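Residue numbers (this note's numbering): 33 to 236.
Here it is as structure tokens:
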């Protein structure tokens, strides 16, 4: 999993509440178990019309937001089904950080397992960040995970809270497999000890 340390990039404003996982990646894209390639279907019904043409009024179809790495949005982001395809799609679209007043629990957890930083801040902070993100080419926001700070284009800084263990995993690029491999030495020692103490347990 790619490490998340600091990102400075375009922030896209999406001031909607209750954006569910079906809106993030609809059911027709759930046939795959690959984590790549889902960006083309991300926010499908909001991005494309019934003929499959991009909707010009949708924020992620507008310049410079087509290059957005940060999404500032409304409360209860990622609600609905628990599909992990939702964070896969957002990540494949190029977005590494989502900032909202609240997230659905499973989506929030899945973000950390896929290298996305979900940040919870109060609504008044969201309102300020939406204003920052609405500045087009000047909508540059920096997210510093180590120092737990968001910096806006005017230099203002906002502190955010994050679980220390999840912060450690993102800073070091550790998903569930990576966390297990951190203990590879202990696992090898246990297996070698078992071969000695309980040889009948080991197939010859």
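For glycine and all other residues, C-beta sits at the position ideal for the given N, C-alpha and C. None of the values given here were measured: they were computed from a predicted structure.
Answer with buried or exposed for residue i, where buried requires no fewer than 16 other C-beta atoms within 10 angstroms of its C-beta.
i: residue 203; result: exposed
i: residue 169; result: exposed
i: residue 208; result: exposed
i: residue 182; result: buried
i: residue 184; result: buried
i: residue 177; result: buried
i: residue 193; result: exposed
i: residue 191; result: exposed
i: residue 116; result: buried
i: residue 232; result: exposed
i: residue 119; result: buried
Quick check on DSSP: helix, strand or coil for residue i?
i: residue 105; result: strand
i: residue 231; result: helix
i: residue 125; result: coil
i: residue 135; result: strand
i: residue 49; result: coil
i: residue 44; result: strand
i: residue 119; result: helix
i: residue 37; result: coil
Taking residue i and residue j to be in contact with their CB atoms under 8 Å, please state how far apart those CB atoms are, rounded to whole angstroms.
i: residue 153; j: residue 127; result: Wrong, their Cβ atoms sit about 17 Å apart, outside the cutoff.
i: residue 70; j: residue 124; result: 5 Å
i: residue 122; j: residue 74; result: 6 Å
i: residue 113; j: residue 77; result: The Cβ separation is near 15 Å, so there is no contact.
i: residue 46; j: residue 103; result: 6 Å
Between residue i and residue j, what straight-line distance do the alpha-carbon atoms span, to the nearest angstrom?
i: residue 150; j: residue 80; result: 25 Å
i: residue 34; j: residue 106; result: 26 Å
i: residue 155; j: residue 143; result: 21 Å
i: residue 59; j: residue 221; result: 45 Å
i: residue 179; j: residue 86; result: 38 Å
i: residue 44; j: residue 230; result: 59 Å
i: residue 83; j: residue 218; result: 56 Å
i: residue 212; j: residue 201; result: 12 Å
i: residue 206; j: residue 145; result: 8 Å
i: residue 56; j: residue 147; result: 17 Å
i: residue 165; j: residue 42; result: 8 Å
i: residue 92; j: residue 215; result: 41 Å
i: residue 101; j: residue 67; result: 18 Å
i: residue 51; j: residue 111; result: 7 Å
i: residue 188; j: residue 138; result: 31 Å
Any chance you could list the beta strand (DSSP E) runs of at least 3 consecutive residues sitting entirely within the stretch 146 to 221, in chain order?
149 to 152, 172 to 176, 181 to 183 and 189 to 191, all fully within the stretch 146 to 221.
Residue ranges of each beta strand (DSSP E) run of no fewer than 3 residues wholly in the stretch 58 to 109, ordered along the chain?
102 to 105
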